[in-house]
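Enquirer: What follows is a structure written as C-alpha cells; I'll ask about it next.
There are 2 protein chains.
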Amino acid sequence: MTNGAVALLETLRNAGVDTCFMNPGTSEMHFVSALDGSDMRAVLALFEGVATGAADGYARIAQKPAATLLHLGCGLGNGLANLHNARKARVPLVNIVGDHATYHTQYDAQLQSDIETVARNVSTWVRTTARSEDLARDALEAVSVAIGPPAQVTTLILPADVSWTEGARALEPKARPEPACADDARIDRIARTLGSGDKTAILLGRRVLLERGLVAASKIAERTGAKLFCEVFPTRLERGAGLPNVERLAYFAELASVQLAGFRHLVLIDAKAPVSFFGYPGKKSYLVPEGCELHDLVRVDEDAVGSIERLVRAVGAERIRPRLQPPSRPQLPTGKLTGPKVCQALGALLPSDAIISDEAQTSGVKLGAFTQGCPRHDLLALTGGAIGQALPVAVGAAIAAPERPVVALVGDGSAMYTLQALWSIVREGLDVTTIIMNNRAYSILNIELSRVGAEEPGPKAKAQLDLASPPLDFVKLAQGMGMRATRATTAEEFTLALRDAFTAPGPRLIDAIIPSEFDGLKLRALPTGLDMLQRLPSPLAKGIKKKLGL
Amino acid sequence: MTNGAVALLETLRNAGVDTCFMNPGTSEMHFVSALDGSDMRAVLALFEGVATGAADGYARIAQKPAATLLHLGCGLGNGLANLHNARKARVPLVNIVGDHATYHTQYDAQLQSDIETVARNVSTWVRTTARSEDLARDALEAVSVAIGPPAQVTTLILPADVSWTEGARALEPKARPEPACADDARIDRIARTLGSGDKTAILLGRRVLLERGLVAASKIAERTGAKLFCEVFPTRLERGAGLPNVERLAYFAELASVQLAGFRHLVLIDAKAPVSFFGYPGKKSYLVPEGCELHDLVRVDEDAVGSIERLVRAVGAERIRPRLQPPSRPQLPTGKLTGPKVCQALGALLPSDAIISDEAQTSGVKLGAFTQGCPRHDLLALTGGAIGQALPVAVGAAIAAPERPVVALVGDGSAMYTLQALWSIVREGLDVTTIIMNNRAYSILNIELSRVGAEEPGPKAKAQLDLASPPLDFVKLAQGMGMRATRATTAEEFTLALRDAFTAPGPRLIDAIIPSEFDGLKLRALPTGLDMLQRLPSPLAKGIKKKLGL
Numbered sequence: 001m002t003n004g005a006v007a008l009l010e011t012l013r014n015a016g017v018d019t020c021f022m023n024p025g026t027s028e029m030h031f032v033s034a035l036d037g038s039d040m041r042a043v044l045a046l047f048e049g050v051a052t053g054a055a056d057g058y059a060r061i062a063q064k065p066a067a068t069l070l071h072l073g074c075g076l077g078n079g080l081a082n083l084h085n086a087r088k089a090r091v092p093l094v095n096i097v098g099d100h101a102t103y104h105t106q107y108d109a110q111l112q113s114d115i116e117t118v119a120r121n122v123s124t125w126v127r128t129t130a131r132s133e134d135l136a137r138d139a140l141e142a143v144s145v146a147i148g149p150p151a152q153v154t155t156l157i158l159p160a161d162v163s164w165t166e167g168a169r170a171l172e173p174k175a176r177p178e179p180a181c182a183d184d185a186r187i188d189r190i191a192r193t194l195g196s197g198d199k200t201a202i203l204l205g206r207r208v209l210l211e212r213g214l215v216a217a218s219k220i221a222e223r224t225g226a227k228l229f230c231e232v233f234p235t236r237l238e239r240g241a242g243l244p245n246v247e248r249l250a251y252f253a254e255l256a257s258v259q260l261a262g263f264r265h266l267v268l269i270d271a272k273a274p275v276s277f278f279g280y281p282g283k284k285s286y287l288v289p290e291g292c293e294l295h296d297l298v299r300v301d302e303d304a305v306g307s308i309e310r311l312v313r314a315v316g317a318e319r320i321r322p323r324l325q326p327p328s329r330p331q332l333p334t335g336k337l338t339g340p341k342v343c344q345a346l347g348a349l350l351p352s353d354a355i356i357s358d359e360a361q362t363s364g365v366k367l368g369a370f371t372q373g374c375p376r377h378d379l380l381a382l383t384g385g386a387i388g389q390a391l392p393v394a395v396g397a398a399i400a401a402p403e404r405p406v407v408a409l410v411g412d413g414s415a416m417y418t419l420q421a422l423w424s425i426v427r428e429g430l431d432v433t434t435i436i437m438n439n440r441a442y443s444i445l446n447i448e449l450s451r452v453g454a455e456e457p458g459p460k461a462k463a464q465l466d467l468a469s470p471p472l473d474f475v476k477l478a479q480g481m482g483m484r485a486t487r488a489t490t491a492e493e494f495t496l497a498l499r500d501a502f503t504a505p506g507p508r509l510i511d512a513i514i515p516s517e518f519d520g521l522k523l524r525a526l527p528t529g530l531d532m533l534q535r536l537p538s539p540l541a542k543g544i545k546k547k548l549g550l
Numbered sequence: 001m002t003n004g005a006v007a008l009l010e011t012l013r014n015a016g017v018d019t020c021f022m023n024p025g026t027s028e029m030h031f032v033s034a035l036d037g038s039d040m041r042a043v044l045a046l047f048e049g050v051a052t053g054a055a056d057g058y059a060r061i062a063q064k065p066a067a068t069l070l071h072l073g074c075g076l077g078n079g080l081a082n083l084h085n086a087r088k089a090r091v092p093l094v095n096i097v098g099d100h101a102t103y104h105t106q107y108d109a110q111l112q113s114d115i116e117t118v119a120r121n122v123s124t125w126v127r128t129t130a131r132s133e134d135l136a137r138d139a140l141e142a143v144s145v146a147i148g149p150p151a152q153v154t155t156l157i158l159p160a161d162v163s164w165t166e167g168a169r170a171l172e173p174k175a176r177p178e179p180a181c182a183d184d185a186r187i188d189r190i191a192r193t194l195g196s197g198d199k200t201a202i203l204l205g206r207r208v209l210l211e212r213g214l215v216a217a218s219k220i221a222e223r224t225g226a227k228l229f230c231e232v233f234p235t236r237l238e239r240g241a242g243l244p245n246v247e248r249l250a251y252f253a254e255l256a257s258v259q260l261a262g263f264r265h266l267v268l269i270d271a272k273a274p275v276s277f278f279g280y281p282g283k284k285s286y287l288v289p290e291g292c293e294l295h296d297l298v299r300v301d302e303d304a305v306g307s308i309e310r311l312v313r314a315v316g317a318e319r320i321r322p323r324l325q326p327p328s329r330p331q332l333p334t335g336k337l338t339g340p341k342v343c344q345a346l347g348a349l350l351p352s353d354a355i356i357s358d359e360a361q362t363s364g365v366k367l368g369a370f371t372q373g374c375p376r377h378d379l380l381a382l383t384g385g386a387i388g389q390a391l392p393v394a395v396g397a398a399i400a401a402p403e404r405p406v407v408a409l410v411g412d413g414s415a416m417y418t419l420q421a422l423w424s425i426v427r428e429g430l431d432v433t434t435i436i437m438n439n440r441a442y443s444i445l446n447i448e449l450s451r452v453g454a455e456e457p458g459p460k461a462k463a464q465l466d467l468a469s470p471p472l473d474f475v476k477l478a479q480g481m482g483m484r485a486t487r488a489t490t491a492e493e494f495t496l497a498l499r500d501a502f503t504a505p506g507p508r509l510i511d512a513i514i515p516s517e518f519d520g521l522k523l524r525a526l527p528t529g530l531d532m533l534q535r536l537p538s539p540l541a542k543g544i545k546k547k548l549g550l
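Sequences listed follow chains A and B, in order. Going by the numbering used here, the first residue of the first sequence is number 1, and it counts up by one from there. Going by the numbering used here, the first residue of the second sequence is number 1, and it counts up by one from there.
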C-alpha cells in the first residue's frame, strides 16, 4: 500500500504512459514528490498550453498517450486550447488535474472553481476520484478510454488528499480486445461504388495517413481511378519520396469547392465530410457538391487501417503497385526572403526522417509543394484551429522521437501564443529547429476580413491585425530563453542558418523576416477564388486550372 | 437599423463601456470592422489571457467594466485563468465571445466547441444571442448584470451571422436603482457586538478597501478598540501616507492563525471568513478560531460603503478621527540585490499616486511594510491565485488611469505565463514599470512542497520547481517586444534603473536578479510558523510576537 500519488504514477507506467508534461502547483506536490520513485519522464513547461500541446505532439509521433499534470481549473483553462486541438486531432491524452483536498472545496478558497465544467469542453471522460483506493482503477480507465478507439482526451481530477492519503495500490491494465474492421457489407458496397465508373474521390483522414493507409489508398486509386484527397489539417501525414503523395484539400472553401467539383461519390475514410472552416456571408459551409453521394468506410471505434486494407482486397487491388512519389528537391532560393522561399529552402535541405510541425498559415502555403519529393518525413498540422499549437507539438514530437530532426514552422502571431515552448526545448536539449514566419501581421485575418464581406476596413480595424508596432524580435525572444537564434532577411541568409541548424542538431531558431503573402488580396470579389490560384502550390493550382479548363 | 456588430458597439458605448481588450479571429471580423465607426478604444493583445487580465485591471481602477473580444471557445479558454481572477476579485467584466455562424455549428468545424460550458466556469450570466435584433437588449443585460452589485463576469456569445446580419438597433441603458444598505437591525446588532468589550476584529474586503471604506473602518476601530484586518489578496487597496493602514492577513495559514488568535468576534465587511489557500495534511483549512463568532455586515448585493458608514454612526464614531498613516520612506538599500531590497527601493522611490500590480509571491513579502508610508497609492493583488495576472492587470490599470505611474511587481514564473503583455504595454505607450523578481525558481512551491508534508524531495521533484536551467533573460525577452530593459544584480543598480524609470515615464522593465527568499525553509517542522516571523514585514512580525509574548 502506498499513497495515492505513488500508486497513480506506478499505474500510469504499467499502462504504458512514460511521459508527463507538467506545470504543477501546491495541490500536485505529492505527485511531484513521487516522481523520484518512478521512471516516468517529467517535462516541465512554463505554461500549461505548452504542456498540453506537447502531450498532443508526443501522441502523434509515439502513437500512445502521454499524461499532463495541471493545477486546478485555471491550469486546465490555460491548457484548453491545445487540448481542443488534441481532441480534434483524435489523439490519446490523459490529463491529471490536481484539485483542492476534498474537505477543502467547501471553503471556496481562491483557486476553487468548477473543474469538471471546463474539462467537458474537451473530454467526454471526466472523473473526480474521491478515494485513494479508487485511484489506480480510475487511472487505468482514463488511459484505456484515451487510447480508444476512438482515441480521445480524458481528464482525471485528483484531489490533493486523495494524492497524499495512504491505502492505494497500483494496478496492471487488462488485455484489450482488438477493434473490429468495417463489416463486409459496407466494404463491398463501397467497392462496388468505386468500380462503378462514376467519378469518385476518396477523402483520407486521421489514422489512414500513415504509410500503411496511404499505400492501401494508392492501390485502390490506381485500380479504380478514384481521386485521392487528404483532409485539410492532418493530425499526422507521412509523406515524401517513396510514399504515395496525396493532394490536401485547401483551407479556403472557395478552392476546396473547386477541388471537389464534379465528383459523383465521395468515400470518407476516417475523415469527416468537408466543411468550410468558418461560415461566411453568402458562401456555402458544406463543401460536398450537390448530388455527390457520401460513403463512410469506417466508424471512429473501428480499425481504420484494417478496414482500408480490406477494401484493397474488395476492389482487387492487392497486386496493384501504389503510385509513389519520386525523389525531388527544389533549387535553393535566392534574393529577398519570402514565405514561399522559406518553404523552398526547407524543401532543398530537409533532412531525412524529419518531423514538420506546421502552423505557418498564409506564409506556409507552398510548404506541401516544395517538400513533396523530400526524403520521407511527417507533417503535423493545426488540427483544431486554435493557434499556438506548433511549438508545443514540436516539443512533444521531439521527446517521442529524440533521434529525428524536428522543424517547427510557425507564424509570428501563432508563435507568440505559446512561446514559452522554446524554454522547454532548450531545457530538454531537443533537436528542434524553429522557423518563425515573421510577416508582422495576423496575415490570415487580412484575407478573412474581406472574405466575411466586412466593409472596407478602416485604420482601427486594420490595427487589430497588425503586429508591426512594435515589431517582434524573435532572435532576442529566443535568446531570452537560452536558445541560439538568427535573423534572416534574404534567402541566402536563411539557407545558411537552416543548413547550420540541420548540421548541428539541437535547439535553434530562425527569425525569417518576410512580407505578408496576401497583402491587398480581395477574395470578396472572387467567389471562386480564381485569382488566388497564382499564389497556390503549383501542382494544386495546375490541377484546379486544368479542371476548370483554364 | 444596422448590422448586429454596429448596434452592439453602440449599445456598449451607451452603457458606459469605452474600452475593449481583444484578440479577434475570423468570426469577430464584423465587430472589428465596425470599430472605425465607434469611439470604443480597442486594445490588441497577443494572447487572450492578456486581454482578460487587462479588462480586470481596467475595472479595478476605472470602477466600471471593460469588454473583451475573444475568439470562440479556445479564445475564451486562453483567457479563463485571468477571468477566474476577475471573478474572485468581484470586478465587472463583459466578455464578447465570437462564435461560428448559427447555421455553421451543425458542421462541427475545426474550431467548434461548447463555449457555454467553458464560460460557466467564470460566469453565472452566459447567453448566446441567436438573432441580430436581440443583440442590443442582451448587451445591455450583460453590462447591467456585470456591474451588479455584485459585480461579476458576464459572457455574451455572439454568432458571426448575428454580427453581420442587418436589422439591429442600438439601445440606451435604463436608470439603475441604488443598491440598499444593510438593514438597521443587522447594523445595530454588530454595533452592540463592537461595543461589548469582547475582543473583536474586523476583516475588510473588496469594496471597503478604498478611502471611504477605510476611513469609516478606522473610525470604528478607534471608537471601539476593534482590530482591523484586510483580506489576504485585495482587489484594490488604497494605502500610503494620509490613509488608514490596515494589516493584511498572511498568505500562510500558520501565520494567519496567529494573527486571528484570541478574537471572540470577527466582523466581516464585504469579506469572506478566512480560510487557508490550500488544504494541507494535518492543518486546518478554516482559520476562524474556535469559539469566535462571525458577523456579516453586508451582502454582496448591498451597498458596502454605505453600510459601513451607517455602522460608523451606529457606534457613535462620526466625529472620531481615523488613525492615518504618517509619511515615511525607507532608506535606499545597498549591496547584493534581494527581494526585500527591491521592495525597500520601491518604498524609497515610489512616485505619488502610483498603482502597484503585485504578483511577487515570496520575493515581495516585504512590499507592504516598505511602502506603507509612501505617498498614497493603490495595491492590486492576485485575487484568484491563478498566476500570470500582474502584467495584464498593469496593462488595464494604465489604460484606465493614463496619468498614473503603474508598477508591476512580478515573479519570474508568473511573468512567463502572460509575458505577451509587454508588447501591449509598448504598443499603447503605457507608463508601466515592470519589475521581474527573478529568483529562477517557483520559489513558493519549494515552501509548499514541505508544507504539504511531501517526503524529502529528490532531484526530479526539485527540478519541477527550478527555473534556472536555462536561466530566463528578461532583458532580452523585453527587448524582443520593443521594451527598454535593464538588469540589476545590486541594490545600487536597481535603484538607478528604478529612478530612471520613474523619471522618464513609459514602458520599462527591470530584471531584478535575486536569491530565492525561502531556500531551505522547512515549514513542516514549524506548525505555527514562528521561525518565519523573522522573514516577515517587521510591523506584522512585531505584532505577532507581541501577541505571543515573545
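Note that CB positions come from ideal geometry on N, CA and C, so glycine has one too.
Select from the stretch 90-113 of chain A all residues with a C-beta closer than 8 Å to any C-beta belonging to chain B, and list them in chain order.
Expert: HIS100, ALA101, TYR103, HIS104, TYR107, ASP108, ALA109, GLN110, LEU111 and SER113
Enquirer: Chain B beta carbons: is any one of them nearer than 9 Å to that of SER469(A)?
Expert: The residue labelled residue 469(A) in the question sits at position 469 within the first sequence. For SER469(A), the answer is yes, since a Cβ of chain B falls inside 9 Å of its Cβ.
Enquirer: Could you name the residues of the same chain whose beta carbon sits closer than 6 Å to that of SER551(B), not counting the 5 residues immediately before and after it, in chain order?
Expert: This structure leaves residue 551(B) out entirely; chain B is present only between 1 and 550.
Enquirer: In the DSSP output, which residue or residues are listed as bridge partners for PRO159(A)?
Expert: Here residue 159(A) is taken as the residue at index 159 of the first sequence, counted from 1. Answer is ASP99(A).
Enquirer: Spatial neighbours of GLU10(B) within its chain, please: C-beta separation below 6 Å, excluding the five flanking residues on both sides.
Expert: For this step, residue 10(B) is matched to residue 10 along the second sequence. The residues are ALA170.
Enquirer: By Cβ distance below 7 Å, which residues in the same chain neighbour GLN63(B) in space, the five residues on each side in sequence not counted?
Expert: As a position in the second sequence, residue 63(B) is number 63, starting the count at 1. Same-chain partners within the cutoff: there are none.
Enquirer: In whole angstroms, what is the alpha-carbon distance linking GLY225(B) and ASN245(B)?
Expert: In the second sequence, counting from the first residue as 1, residue 225(B) sits at position 225. In the second sequence, counting from the first residue as 1, residue 245(B) sits at position 245. Cα-Cα distance, rounded: 15 Å.
Enquirer: Have a look at ASN14(B) and CYS374(A) and give me their C-alpha separation to the nearest angstrom.
Expert: Start at 1 with the first residue of the second sequence, and residue 14(B) comes out as number 14. Start at 1 with the first residue of the first sequence, and residue 374(A) comes out as number 374. Cα-Cα distance, rounded: 59 Å.
Enquirer: Do GLY98(A) and GLY75(A) have their C-beta atoms closer together than 9 Å?
Expert: For this step, residue 98(A) is matched to residue 98 along the first sequence. For this step, residue 75(A) is matched to residue 75 along the first sequence. For GLY98(A) and GLY75(A), yes; Cβs fall inside 9 Å.
Enquirer: Hey, out of ARG508(A), ASP184(A) and ARG451(A), whose CA is closest to GLY552(A)'s CA?
Expert: There is simply no residue 552(A) to check, as chain A begins at 1 and stops at 550 in what is shown.
Enquirer: Taking the C-alpha atoms as reference points, what is the distance between VAL275(B) and LEU324(B)?
Expert: Taking the first residue of the second sequence as position 1, residue 275(B) is located at position 275. Taking the first residue of the second sequence as position 1, residue 324(B) is located at position 324. Rounded to the nearest angstrom, the two C-alpha atoms are 29 Å apart.
Enquirer: Cα separation between ARG313(B) and ASP500(B)?
Expert: Indexing the second sequence from 1 puts residue 313(B) at position 313. Indexing the second sequence from 1 puts residue 500(B) at position 500. So the two alpha carbons sit approximately 47 Å from each other.
Enquirer: Given THR489(A), which residues of its chain have a CB within under 8 Å of its CB, disregarding the five upstream and five downstream residues?
Expert: Counting from 1 along the first sequence, the entry for residue 489(A) is found at position 489. Answer for THR489(A): LYS336, LEU337 and ILE513, listed in chain order.
Enquirer: Taking only runs that begin and end inside the stretch 220-269 of chain B, name each unbroken alpha helix (DSSP H) of 4 or more residues, in chain order.
Expert: 253-260
Enquirer: Buried or exposed: which applies to THR334(B), given that a residue is buried once 16 or more other Cβ atoms fall within 10 Å of its Cβ?
Expert: The sequence position of residue 334(B) within the second sequence is 334, counting from 1. Label assigned to THR334(B): exposed.
Enquirer: Have a look at ALA381(B) and GLN106(A) and give me their C-alpha separation to the nearest angstrom.
Expert: Along the second sequence, one-based indexing puts residue 381(B) at 381. Along the first sequence, one-based indexing puts residue 106(A) at 106. One C-alpha to the other measures close to 23 Å.
Enquirer: Flag LEU311(A) as yes if its beta-carbon sits less than 9 Å from any beta-carbon of chain B, otherwise no.
Expert: Indexing the first sequence from 1 puts residue 311(A) at position 311. LEU311(A) does not count as touching chain B.
Enquirer: By Cβ distance, which residues of its chain are closer than 7 Å to ASP138(B), with the 5 residues on each side in sequence left out?
Expert: Within the second sequence, numbered from 1, the residue matching residue 138(B) stands at position 138. Excluding sequence neighbours, ASP138(B) sits near ARG127, THR129 and LEU156.
Enquirer: Cβ of TYR286(A) less than 9 Å from any chain B Cβ?
Expert: Along the first sequence, one-based indexing puts residue 286(A) at 286. It does; some Cβ of chain B falls within 9 Å.
Enquirer: Helix, strand or coil for ILE190(A), going by three-state DSSP, please let me know.
Expert: Counting from 1 along the first sequence, the entry for residue 190(A) is found at position 190. Correct three-state label for ILE190(A): helix.
Enquirer: Once DSSP output is grouped into helix, strand and coil, what is the label at ARG277(A)?
Expert: Looking up residue 277(A) in the first sequence gives position 277. Before going on, a small fix: residue 277(A) reads as Phe here, not Arg. It is coil, neither helix nor strand.
Enquirer: Cβ closer than 7 Å: which chain B residues qualify as neighbours of CYS374(A)?
Expert: In the first sequence, counting from the first residue as 1, residue 374(A) sits at position 374. Ordered by position in chain B, no residue passes the 7 Å Cβ test against CYS374(A), which lies about 26 Å from the chain.
Enquirer: Where does SER113(A) sit, in a helix, a strand or coil, going by DSSP?
Expert: To locate residue 113(A), count along the first sequence from 1; it is residue 113. Residue state, collapsed to three classes: coil.
Enquirer: Rank ALA109(B), LEU367(B) and GLN420(B) by C-alpha distance to the C-alpha of VAL393(B) and give the top, closest one.
Expert: The residue given as residue 393(B) occupies position 393 in the second sequence. Looking at the Cα atoms, GLN420(B) is the closest of the given residues.
Enquirer: By the three-class DSSP mapping on this structure, what secondary structure does ALA182(B) have?
Expert: Sequence index remark: in the second sequence, residue 182(B) carries index 182 (1-based). DSSP places ALA182(B) in coil when its eight states are reduced to three.
Enquirer: Give me the Cβ distance between ALA66(A) and VAL6(A), rounded to the nearest whole Å; I'm assuming they're in contact under 8 Å.
Expert: Stepping through the first sequence from its first residue, residue 66(A) is reached at position 66. Stepping through the first sequence from its first residue, residue 6(A) is reached at position 6. Contact flag wrong, Cβ pair sits at about 19 Å.
Enquirer: Tell me, please, whether the CB atom of GLN464(A) is closer than 9 Å to any CB atom in chain B?
Expert: Along the first sequence, one-based indexing puts residue 464(A) at 464. Interface flag for GLN464(A) against chain B is set, since a Cβ pair is found closer than 9 Å.
Enquirer: Between the beta-carbon of LEU311(B) and the beta-carbon of ILE269(B), is there less than 9 Å?
Expert: Translated into the one-based positions of the second sequence, residue 311(B) becomes position 311. Translated into the one-based positions of the second sequence, residue 269(B) becomes position 269. Yes; because the gap between Cβ atoms is below 9 Å, this pair is in contact.
Enquirer: Under 7 Å Cβ to Cβ from PHE370(A), same chain only, skipping five residues before and after it: list those, please.
Expert: Numbered from its first residue, the first sequence carries residue 370(A) at position 370. For PHE370(A), where only same-chain residues beyond five positions count, the Cβ hits under 7 Å are PRO330, CYS343, GLN344, LEU346 and GLY347.
Enquirer: Chain B partners of GLY482(A), CB-CB under 9 Å?
Expert: Taking the first residue of the first sequence as 1, we reach residue 482(A) at position 482. Here the neighbours are SER469, PRO470, PRO471, LEU472 and ASP473.
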